[in-house]
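Student:
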Amino acid sequence: NPQEVNAPPSAPQPPDRHRQPRGRSRWVGSLLALVLVALVGGAAWYLIQRANGESDGPPGARGGGRPMVTVGDAVVRKAELPVVIDALGTVVPATTVTLRPQVSGMLTQVLFTEGQMVRKGQLLAQIDPRPFEQALMQAQGTRQRDEAQLENARLTLARYRTLLAQDSIARQDVDTQAALVKQLEGTVMTDRAQESTARLNLDHTRITAPVSGRIGLRTVDAGNYVTSGDAAGLATITQVAPIDVQFSIPQDRVSDILAAQADAAALPVTALDRTRKAELDKGRFSTLDNQVDTATGTVKAKAKARFDNAAGTLFPNQFVNVQLLLRNVPAVVVPVTAVRTGANGDYVYVINEDRTVSLRKVQRGQATVGLVAIAEGLQEGERVVTEGGDRLQDGMAVQVPGAPGAQPARAGASAPPQSRL
Numbered sequence: 138n139p140q141e142v143n144a145p146p147s148a149p150q151p152p153d154r155h156r157q158p159r160g161r162s163r164w165v166g167s168l169l170a171l172v173l174v175a176l177v178g179g180a181a182w183y184l185i186q187r188a189n190g191e192s193d194g195p196p197g198a199r200g201g202g203r204p205m206v207t208v209g210d211a212v213v214r215k216a217e218l219p220v221v222i223d224a225l226g227t228v229v230p231a232t233t234v235t236l237r238p239q240v241s242g243m244l245t246q247v248l249f250t251e252g253q254m255v256r257k258g259q260l261l262a263q264i265d266p267r268p269f270e271q272a273l274m275q276a277q278g279t280r281q282r283d284e285a286q287l288e289n290a291r292l293t294l295a296r297y298r299t300l301l302a303q304d305s306i307a308r309q310d311v312d313t314q315a316a317l318v319k320q321l322e323g324t325v326m327t328d329r330a331q332e333s334t335a336r337l338n339l340d341h342t343r344i345t346a347p348v349s350g351r352i353g354l355r356t357v358d359a360g361n362y363v364t365s366g367d368a369a370g371l372a373t374i375t376q377v378a379p380i381d382v383q384f385s386i387p388q389d390r391v392s393d394i395l396a397a398q399a400d401a402a403a404l405p406v407t408a409l410d411r412t413r414k415a416e417l418d419k420g421r422f423s424t425l426d427n428q429v430d431t432a433t434g435t436v437k438a439k440a441k442a443r444f445d446n447a448a449g450t451l452f453p454n455q456f457v458n459v460q461l462l463l464r465n466v467p468a469v470v471v472p473v474t475a476v477r478t479g480a481n482g483d484y485v486y487v488i489n490e491d492r493t494v495s496l497r498k499v500q501r502g503q504a505t506v507g508l509v510a511i512a513e514g515l516q517e518g519e520r521v522v523t524e525g526g527d528r529l530q531d532g533m534a535v536q537v538p539g540a541p542g543a544q545p546a547r548a549g550a551s552a553p554p555q556s557r558l
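138 is the number of the first residue of the sequence shown in our numbering; add one for each residue after it.
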């Protein structure tokens, strides 16, 4: 068609400026999203690996694919393990005396201070002695009068016997005079007893300490009239040096105590405070009570654990913890924290040469606060786990702080405590 051939060409269409940038932006956004997800996943993987590496030790220090656990250890050794009996005791004074007046009268002096330490024979109070001095003088006068009569009767009896030998007097007169002498001798003996009683009453006006100890609060002041029948008395003295501790023990341990007493002259006893941390005094066990308390199944060792109490740390009626040492026995010992109890009995984790642990059953024996004897299952020189055993299983690898090749702790991190012997 000539018209179509000669027709001027049509103007070129302008390019689509919006279609190509929109597709590129979508591709760039998808790429950025994938990169972001990869970065987040890599960061999470790195943090997890770093945390595992810090908690489980270096990557090369693993056993059987299990993480390495940091534990405390101790060496099994032989030691003299004390066999003790623990009990709760009460401090009781060795002697308690109530000062009571032996005679009645006016209390003129009180010569002690409440709470004072007094010694035996010390004058503590004074009762008015004048009435008793007069009574003593009267008894002495009566005795002297009767002694003079007795002496005269004896002289008369001697003359009568001379006359009887000369057959100058009747025998009846001699017998009568002899009876009179016997009567006067009895009278003089009574007068001497009355004189001694009067002297004793005079001595009782001086109230002295019968024992050494600490005197308590006074119940009466000077100027009051006191009587010999007063139950309250003037004060109470308790002997605190030496002092005793009363405690009870199980009846099953009676045979052990008797056997220990046969082997040792005196069993040592230690008195501890309420918290069992401070030692108050050391004493000695004396004897057991003579019967078992059927209600509690215990034997009362009443007032037979004696302490010198030189420092005055034990006070009457104080509650203390008592440790009675029976004997020392040689044994293989480990810390108490090393022995654990499971469904099959007691066991420990033994650290092997390759730093893996093996679960081993043991039989425990006597125990103290910090140590326990192992009757069967361990040998001297072996190493056992004392801390961190709750996270262990048989065959796991462990790390001991301070051992050669152990990973040093990070700043701010603390290793688990160790219990070494």
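Every residue gets a Cβ at the ideal spot worked out from N, C-alpha and C, and that includes glycine.
Looking only at C-alpha atoms, which of A315, Q239, T293 and L409 sits nearest to Y362?
Tutor: Q239
Student: Sort N289, Q376, V459 and A468 by Cα distance to A122 and report the nearest one.
Tutor: Here the chain has residues from 138 to 558 only, and residue 122 is not among them.
Student: Would you mind stating whether L425 and I386 have Cβ atoms separated by less than 9 Å?
Tutor: yes
Student: In whole angstroms, what separates the C-alpha of M290 from that of M274?
Tutor: The sequence given here places Ala at residue 290; Met does not occur at that position. Each residue's Cα considered, the two are about 25 Å apart.
Student: Tell me the residue span of the alpha helix (DSSP H) that contains L236.
Tutor: It is not in any alpha helix (DSSP H) - L236 instead sits in the beta strand (DSSP E) that spans R214 to L236.
Student: Along the alpha helix (DSSP H) that carries E133, what are the first and last residues, could you check?
Tutor: A query on residue 133 cannot be resolved here, the shown segment of the chain reaching from 138 to 558 and no further.
Student: Would you call L371 buried or exposed, if buried means 16 or more other Cβ atoms sit within 10 Å of its Cβ?
Tutor: buried
Student: To the nearest angstrom, how far is it from the Cα of D383 to the Cα of V406?
Tutor: It is Gln, not Asp, that sits at residue 383 in the sequence shown. Straight across, the Cα-Cα distance linking Q383 with V406 is about 12 Å.
Student: Does the count of Cβ pairs from the segment 486 to 499 and the segment 519 to 539 closer than 8 Å reach three?
Tutor: yes
Student: Let me know the secondary structure DSSP gives P268 once reduced to three states.
Tutor: DSSP places P268 within a helical segment (H, G or I) once states are collapsed to three.
Student: Pair every Cβ in the segment 253 to 265 with every Cβ in the segment 312 to 323, then say whether three or more of these pairs are closer than 8 Å.
Tutor: no
Student: Does the beta-carbon distance from F456 to H341 come in below 9 Å?
Tutor: no
Student: Can you tell me the Cα-Cα spacing of A510 and V487, whole angstroms?
Tutor: 16 Å
Student: Does the Cβ of N446 have 16 or more other Cβ atoms within 10 Å, making it buried, or fewer, making it exposed?
Tutor: buried
Student: Given A170, which residues of its chain have a CB within under 8 Å of its CB, disregarding the five upstream and five downstream residues?
Tutor: Excluding five sequence positions before and after A170, none of the CB atoms of its chain fall closer than 8 Å to its own CB.
Student: With a CB to CB cut of under 6 Å and the five nearest residues on each side skipped, what residues in its chain are close to A378?
Tutor: N446
Student: Quick check: the Cα distance between T435 and D393, rounded to an integer number of angstroms?
Tutor: If I take the Cα positions, the gap works out to 14 Å.
Student: Check whether the segment 302 to 310 touches the segment 243 to 250, taking contact to mean three or more Cβ pairs, one atom from each stretch, closer than 8 Å.
Tutor: no
Student: Can you check DSSP and say which residues form a bridge with P472?
Tutor: L508
Student: First and last residue of the beta strand (DSSP E) that includes A408?
Tutor: L404 to L409
Student: If T505 and G209 are in contact, beta carbons under 8 Å, what's the gap, nearest whole angstrom?
Tutor: 19 Å between Cβ atoms; not a contact.
Student: With burial defined as no fewer than 16 other Cβ atoms inside 10 Å of the residue's Cβ, what is the status of M326: buried or exposed?
Tutor: exposed
Student: Less than 9 Å between the C-beta atoms of A408 and G226, yes or no?
Tutor: Closer than 9 Å, so yes.
Student: Any idea what DSSP makes of E251, helix, strand or coil?
Tutor: coil
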